[in-house]
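Asker: Sharing a structure, written as structure tokens. Questions coming.
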Amino acid sequence: MAHRFDILDRNTRQYRRYNAVGRQITASLTPPSDNSDPVTHFLASVSDLFEHVLRDVSDSDKVGITIQNQVNPNDNPIEISFRRKDQLSADVIWSVFEKISQSNSRFDALDTLVVTVHSVRMPVGFAKSAIKRSGRPLSVMTHLKTSIVEVKAEENCLAMH
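Residues 17 to 177 in the numbering used here are what the sequence shown spells out, letter by letter.
Printed below as a string of structure tokens:
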């Protein structure tokens with residue numbers, strides 16, 4: 017299947033401290049054919065672009081997306097706040113797109129768009145079993161805490177006398 021966009025530039029940055037990856041893609045949407053509806057073509061092109069950008073991200077990872085028009089970078093970018101990838105649907109994207117398009121921003125079907133995707137890899141594990149393996153049982157911890165409190169109380173009594 018042919019893409020409805022052309023990728024002009026890619027840039028990837030790793031944020032090891034935060035377990036995050038930032039990808040910036042500069043893409044231009046291909047013009048619609050003569051017999052197709054331009055609005056439908058634009059919606060399908062942007063949807064294809066999102067699918068392409070998010071293909072390497074796991075469903076449990078947090079994703080934040082910014083779309084900016086390269087022709088007029090001073091206008092408001094479209095920003096989709098961080099959420100899990102599986103919670104990022106076409107409805108969410110298009111509702112944000114509608115709100116920004118009513119402001120001073122302009123997005124034409126043939127403009128070059130800069131799409132920045134930040135993804136944070138969320139750890140997937142079983143916390144209960146990890147605590148059981150590495151931690152002490154609750155009965156031992158309560159005994160230790162009460163022993164420490166008793167020792168501190170005895171030290172305070174001895175210091176008073």
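Where is the CB? At the ideal position from N, CA and C, for every residue including glycine.
What does residue 85 pair with, by DSSP beta-bridge criteria?
Answerer: As a first step, residue 85 is located in the sequence shown; it is residue number 69 there, counting from the start. In the DSSP output, where bridge partners are listed per residue, residue 85 has 129.
Asker: In angstroms, rounded to a whole number, what distance separates the CA positions of residue 60 and residue 21?
Answerer: The residue you call residue 60 lines up with position 44 of the sequence shown. The residue you call residue 21 lines up with position 5 of the sequence shown. About 10 Å.
Asker: Could you give the distance in angstroms between the alpha-carbon of residue 79 and the alpha-carbon of residue 134?
Answerer: Translated into positions along the sequence shown, residue 79 becomes position 63. Translated into positions along the sequence shown, residue 134 becomes position 118. Taking the straight line from one Cα to the other gives about 6 Å.
Asker: CA-CA distance, residue 54 and residue 46?
Answerer: Numbered from its first residue, the sequence shown carries residue 54 at position 38. Numbered from its first residue, the sequence shown carries residue 46 at position 30. So the two alpha carbons sit approximately 11 Å from each other.
Asker: Taking the alpha-carbon of residue 115 as reference, which of 99, 95, 40, 128 has the nearest alpha-carbon?
Answerer: Looking up residue 115 in the sequence shown gives position 99. Answer by Cα proximity: 95.
Asker: Three Cβ pairs or more, each shorter than 8 Å: is that satisfied between the stretch 96-116 and the stretch 19-33?
Answerer: Cβ pair count under 8 Å is below three, so no.
Asker: DSSP beta-bridge partners for residue 78?
Answerer: In the sequence shown, the residue the question calls residue 78 occupies position 62. For residue 78, which the question treats as bridged, DSSP gives the partners 100, 136.
Asker: Buried or exposed, going by whether 16 or more other CB atoms sit within 10 Å of the CB of residue 24?
Answerer: Indexing the sequence shown from 1 puts residue 24 at position 8. Classification for residue 24: exposed.
Asker: Does the distance from the C-beta atom of residue 83 to that of residue 131 stay below 7 Å?
Answerer: Taking the first residue of the sequence shown as position 1, residue 83 is located at position 67. Taking the first residue of the sequence shown as position 1, residue 131 is located at position 115. Yes. Within cutoff.
Asker: Just the Cα atoms here: how many angstroms apart are residue 231 and residue 129?
Answerer: Residue 231 cannot be examined here, being either before or after the span of the chain that is shown, 17 to 177.
Asker: Check the DSSP bridge columns for residue 45 and list the partner residues they point to.
Answerer: As a first step, residue 45 is located in the sequence shown; it is residue number 29 there, counting from the start. Beta-bridge pairing links residue 45 to 21.
Asker: Report the rounded CA-to-CA distance for residue 68 versus residue 76, giving the unit in angstroms.
Answerer: The residue labelled residue 68 in the question sits at position 52 within the sequence shown. The residue labelled residue 76 in the question sits at position 60 within the sequence shown. If you take the alpha carbons of residue 68 and residue 76, they lie about 18 Å apart.
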